[in-house]
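Residue 85 is where the sequence shown starts when you use the working numbering, and the numbers rise one by one after that.
Using N, Cα and C, we set each Cβ at its ideal position, and we do this for glycine too.
This report refers to the structure that appears directly beneath it.
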Amino acid sequence: MAISTKPNPVAPFDRSAKAVLGTFRGILSQRNTSDDYTLTVTRRGRFSASLTCRATSLGLE
């Protein structure tokens, strides 16, 4: 049985999340005067996602 000295063709995954996903920008805004907040995340104007949360004594939920 021969032992291979060739490098492994499958390189380990070592890229950072920033290298894979790019740069995202987020804006946290309060809706009206309530305890509701909306976090809007965008990436180069092409991808957008919103998350609505409520402020409590524990933080944003």
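Using the three-state DSSP reduction, which class does residue i fall into: helix, strand or coil?
| i | result |
| --- | --- |
| aspartate 119 | coil |
| arginine 130 | coil |
| serine 141 | coil |
Who are the Cβ neighbours of residue i in its own chain at under 8 Å, not counting the five residues just before and after it?
| i | result |
| --- | --- |
| tyrosine 121 | Leu112, Ser113, Gln114, Arg115, Thr136, Cys137, Arg138, Ala139 and Leu144 |
Sorted by chain position, which residues of the same chain lie with C-beta nearer than 7 Å to residue i's C-beta, five sequence neighbours on each side aside?
| i | result |
| --- | --- |
| alanine 31 | Limits of the chain in this structure are 85 at one end and 145 at the other, which puts residue 31 out of reach. |
Once you ignore the five residues that flank residue i on each side, which residues in its own chain have a CB closer than 6 Å to its CB?
| i | result |
| --- | --- |
| aspartate 119 | Arg138 and Ala139 |
Can we count residue i as close to the ligand MN, meaning its CB is less than 7 Å from some heavy atom?
| i | result |
| --- | --- |
| isoleucine 111 | As for the ligand MN, it is missing from this structure, which has no ligand bound. |
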